Amino acid sequence: MEKPALFRGTGEGITMVLNPNAQFHEILEFLKGILEERKTFFSGGAVTVDPNGVPLGESEINLVKELFQNFGVEFKLKGGIELHKKEELEAVPENKEAVVIQQTLRSGQCVNSQGNVVILGDVNEGAEINTTKNVYIFGIIRGIVNAGDHIVSLGFQPLRMTINGIQFDEKFVEKTYRKPRIAQVVNGKIVIKILGEKKSLRRK
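The sequence shown: position 78 = 77 (numbering that gives the first Met the number 0), numbered continuously.
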C-alpha cells in the first residue's frame, strides 16, 4: 500500500484503510483531497475508518471526524477489527474484499470480480465491469457494467448496464448528478433513484 489510505467496499459500505507507513498529516491531506474531489458522492453517506495499526489518539480521531463532518459524511471508527472480520466472514462467507480501482477505467480495461467493485473515477466507453455483487462508481458510467445487486454512480450514460441479468435500456441526458444515484431492480425492471430516497428518477 503506497498511498496514505485505500478505500474499500464491503457489504456494509465504504471502509477507509490507513497505511501504517504514512504520516498522520499525509493521511489528512489525502483524505481532504478525496472528499473535495468526490464530495457529491460522499455527502450524506458514511465511511468507516480502519486504523490498520496506525496509532490514533483522541486528537487525531477528532481531526478525522471533523474533516468528514465538514463534507457531510458520517464518521465511524472500526473497533474489534479481528472479531468483526471473523463475524463478517461467517455471516457472508462469499463476500470478499472489493476490487478497488483508484483511477478512471479506460477503454479496453475490464474488471471481473465475485465481490464489490469500487471505481474512484469514471467508467469510460469501451471499459467493462462484471461482478456478482455491487458496483460503486465515483464518477460517470459510459461503458458496460454488469452487477448482481445494485449500482451507485454520479452519472449514468452506459453503453450497456445489467443487474442480475436484467438489462437497462433507458437513456439519460444528465451528465452528472448533485447527489449519487442508485440503480436497482424493482418489479422486474431497473430504476434509478437518488441514494436514500424511494422515488425513482424516471418512470418505467
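Cβ atoms here follow ideal geometry from the backbone N, Cα and C, with glycine treated the same way.
Values in this document were obtained by computation on a predicted structure and should not be read as measured data.
{"query": "Coarse secondary structure for I80, derived from DSSP in three states", "result": "For I80, the predicted model reports a pLDDT of 35, less than 50, meaning its position is unreliable; a value from the coordinates is still stated below. Helix."}
{"query": "Cβ-Cβ distance between F40 and P157 below 8 Å", "result": "no"}
{"query": "Rounded C-alpha distance that separates N216 from I165", "result": "What the structure shows of the chain is the stretch from 0 to 203, and residue 216 is not part of that stretch, so it cannot be assessed."}
{"query": "Reduced DSSP secondary structure (H/G/I, E/B, other) of G75", "result": "Position check: residue 75 holds Lys in this sequence, whereas Gly was assumed. In this structure, K75 counts as strand in the three-state DSSP scheme."}
{"query": "Cutoff 7 Å; reference F155; Cβ partners in own chain excluding five residues on either side", "result": "I140, F171, R180, A182, I191"}
{"query": "Secondary structure of T103, DSSP reduced to three states", "result": "coil"}
{"query": "G43 to Q108 span [Cα, whole Å]", "result": "31 Å"}
{"query": "Closer than 7 Å: I140 CB and nearest the ligand SAM heavy atom", "result": "The ligand SAM is absent from the structure shown, which contains no ligands of any kind."}
{"query": "Spatial neighbours of F23 in its chain, beta-carbon cut-off 7 Å, leaving aside the 5 residues before and after", "result": "E59"}
{"query": "Outcome for P92 when other beta-carbon atoms lying within 10 angstroms are tallied against a minimum of 16", "result": "Only weak support is given to the placement of P92: the predicted model assigns it a pLDDT of 32, under 50, and the value that follows is read from those uncertain coordinates. Exposed is the call here."}
{"query": "Residue range of the unbroken beta strand (DSSP E) whose run includes K188", "result": "188-193"}
{"query": "Contact check, T161 vs G138, beta carbons under 8 Å", "result": "no"}
{"query": "Cβ distance (whole Å) where V48 is taken to contact L76 below 8 Å", "result": "5 Å"}
{"query": "Candidates V117, P54, L66, of which the one nearest L153 by Cα", "result": "V117"}
{"query": "Local Cβ density within 10 Å of K31, reported as buried at 16 or more and exposed below that", "result": "exposed"}
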